[in-house]
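Enquirer:
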Amino acid sequence: MKGNAMQTVEQWMTRNPITIEESASIIEAIHLLKEKDIRRLPVTCKGKFCGLITDRMIKEYAPGKSTPLDTWEVHYVLSKATVRDAMNPTPYTIHPDAPLCQAAQLVHDKKLYGLCVTDKNGDLVGLLTTTNFMEALIDICSMS
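All the letters of the sequence shown, read from the start, carry residue numbers 182 to 325 under this note's numbering.
1. Write down the C-beta distance between residue 203 and residue 278 rounded to the nearest angstrom, noting that I regard them as a contact closer than 8 Å.
2. Over what stretch of residues does the alpha helix (DSSP H) that includes residue 221 continue unbroken?
3. What span of residues does the alpha helix (DSSP H) with residue 207 cover, start to end?
4. Determine the DSSP secondary structure at residue 199, reduced to helix, strand or coil.
5. Does DSSP put residue 313 in a helix, a strand or coil?
6. I'd like to check one pair, residue 273 with residue 305: are the Cβ atoms closer than 8 Å?
7. Could you check if residue 322 is buried or exposed, using at least 16 other CB atoms within 10 Å of its CB as the buried criterion?
8. Quick test of your reading: residue 259 and residue 243, contact by CB under 8 Å. State the CB separation rounded to the nearest angstrom.
9. Keeping to the same chain, check which residues put their C-beta closer than 8 Å to that of residue 299; ignore five residues upstream and five downstream.
10. What did DSSP end up calling residue 287 once you bin it into helix, strand or coil?
11. What are the boundary residues of the alpha helix (DSSP H) that includes residue 259?
12. In angstroms, rounded to a whole number, what distance separates the CA positions of residue 209 and residue 297?
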């Protein structure tokens, strides 16, 4: 239990998230997401946080089932496309010391599935996902 003082983003965020370089191929991103069983990857540009790519963004970027391309052609196209091509270069962020309620409000209002957590220098320090919110809610409810 994390106590019932004001909850902060830092208390619930996932620290040291797995990242991917912007020059990596979409195929590399797909494999990393599947291998680590995650849905989002913060993107780095020469080691500095510069965006976000999610499984949903990749699905929207990839040719759909209605394409005349066969599986191998789709794979080829995605192996040549980079993370930079499909990522969001300006994802919503929040600071670790922000109240958890503020983060929840932002996720609700913007219909997001998570937030990138950055320090005052804009460096990535964590992710706050819907799973983290559910863990917080379970903890808060169990205090009653």
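Think of the CB as a built atom: it goes at the ideal place given N, C-alpha and C, for glycine as much as any other residue.
Expert: For this structure:
1. In fact, because the Cβ distance is near 28 Å, the residues do not count as touching under 8 Å.
2. Where residue 221 is concerned, there is no enclosing alpha helix (DSSP H), although the beta strand (DSSP E) it sits in stretches over 221-226.
3. 207-217
4. Coil, per DSSP.
5. If DSSP states are grouped into helix, strand and coil, residue 313 belongs with the helices.
6. In this structure, residue 273 does not lie closer than 8 Å to residue 305 by Cβ.
7. exposed
8. 6 Å
9. 230, 274, 275, 276, 305 and 306
10. helix
11. In the DSSP assignment, residue 259 falls within the alpha helix (DSSP H) that extends over 252-261.
12. 21 Å
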